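To start, the structure under review is shown below, and the notes come after it.
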Amino acid sequence: MLRHKLIAIMIWSFSRVISSFIPRTSIRWTNNLRFFSPIILSGSNSNTDSTITTLDSGSHQAEIVIKKSRFIGYAKHVENWKEAQDYLKCVHQEHPKARHLCFGFVAGFNPIQERCSDGGEPTGTAGPPIVGAVKGEGLSDTVCVVVRYFGGIKLGAGGLIRAYGNGAREVLREAPKKIIIPKISIRVSVPSNFTGAVYNCANKIGGSTSEEVFNADGQLLVSIT
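Position 218 of the sequence shown, counting from 1, maps to 218 under our numbering, and the rest follow consecutively.
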């Protein structure tokens, strides 16, 4: 899987850098590696394999009206399907009398997890267009809900596909975005005379150090992220 390959590349690159500062025989790598804690940056869409673009925190909302039918779009960044389900319940509680509540959910990359529901509309006219809108905006880890209040005029299958897709895009485009950059945290142990080299290495790769401890043998144990 691409994520595993990315982790291997990151570890290999890091080991090359730190080994340029410290002899290999002086480094001991511990086995507590922590992968993919997110660094959050404000930014626009990114199509690189090593980042995920998603929505900023909070719930986002936008509305369009098509032939007297109201299409109210909601969107939120979620970490998993359980969080998406919780958000769907919240939206449903806000609109208990809505005729249709349709959604699309997209998460992860390689593989991408997708779920959707037409919410009582004809098959394929609501859920898939919402998923398509999420993917079309280059987003992941996102759930988008479109609530419809029927205005008395039928839209037909093609009209529904366009309406739900546009309702989803409206809220997704208005919502602020953030980029999640994968990172790893590695614990190393080195002799105390290489302490300066460890910090120089961390600085060179734009990393940070934490949990510094000198053990009984005078070696420095430090986490580099």
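We put the beta carbon where it would ideally sit given N, CA and C, even for glycine.
All values reported here derive from a predicted model rather than from experimental measurement.
Where residue i falls: helix, strand or coil (DSSP)
| i | result |
| --- | --- |
| Gly234 | Nothing about residue 234 can be reported from this structure: the residues present for the chain run from 1 to 225 only. |
| His95 | coil |
| Ala133 | helix |
| Leu55 | strand |
| Glu83 | helix |
| Leu88 | helix |
| Gly138 | coil |
| Ser37 | Legend: pLDDT at Ser37 = 37, less than 50; position of this residue unreliable, value from coordinates given subsequently. Ser37 falls in the coil class under three-state DSSP. |
Local Cβ density within 10 Å of residue i, reported as buried at 16 or more and exposed below that
| i | result |
| --- | --- |
| Val192 | Here residue 192 is Ser; the residue named in the question, Val, does not match the sequence. That one is exposed. |
| Pro129 | buried |
| Arg148 | buried |
| Ile112 | exposed |
| Phe103 | buried |
| Cys90 | exposed |
| Arg34 | In this predicted model, Arg34 has a pLDDT of only 38, less than 50, meaning its place in the structure is not dependable enough to derive any value. |
| Val65 | exposed |
Cβ of residue i within 8 Å of any chain B Cβ
| i | result |
| --- | --- |
| Gln93 | Among the chains in the structure shown there is no chain B, since it carries only a single protein chain. |
Residue closest to residue i, alpha-carbon to alpha-carbon, out of the options
| i | options | result |
| --- | --- | --- |
| Gly119 | Gly108, Lys135 and Cys144 | Cys144 |
| Tyr87 | Phe105, Thr54, Ala98 and Ala133 | Phe105 |
| Glu94 | Val198, Ile72, Lys178 and Gly156 | Ile72 |
| Ser69 | Gly127, Gly156 and Leu139 | Gly156 |
Sequence-distant residues of its chain with Cβ nearer than 6 Å to residue i (five each side left out)
| i | result |
| --- | --- |
| Ala168 | Gly73, Ile130, Ala133, Cys144 and Val146 |
| His60 | Ala75, Val171 and Ala175 |
Residues near residue i by beta carbon distance below 7 Å, same chain, minus five either side
| i | result |
| --- | --- |
| Asp141 | Ile52, Thr54, His77, Val78, Glu79 and Ala107 |
- Return the chain-ordered ranges of every alpha helix (DSSP H) run that is complete within the stretch 163–210 and spans a minimum of 4 residues. With a minimum length of 4 residues, the continuous alpha helix (DSSP H) runs that stay inside the stretch 163–210 are 195–204.
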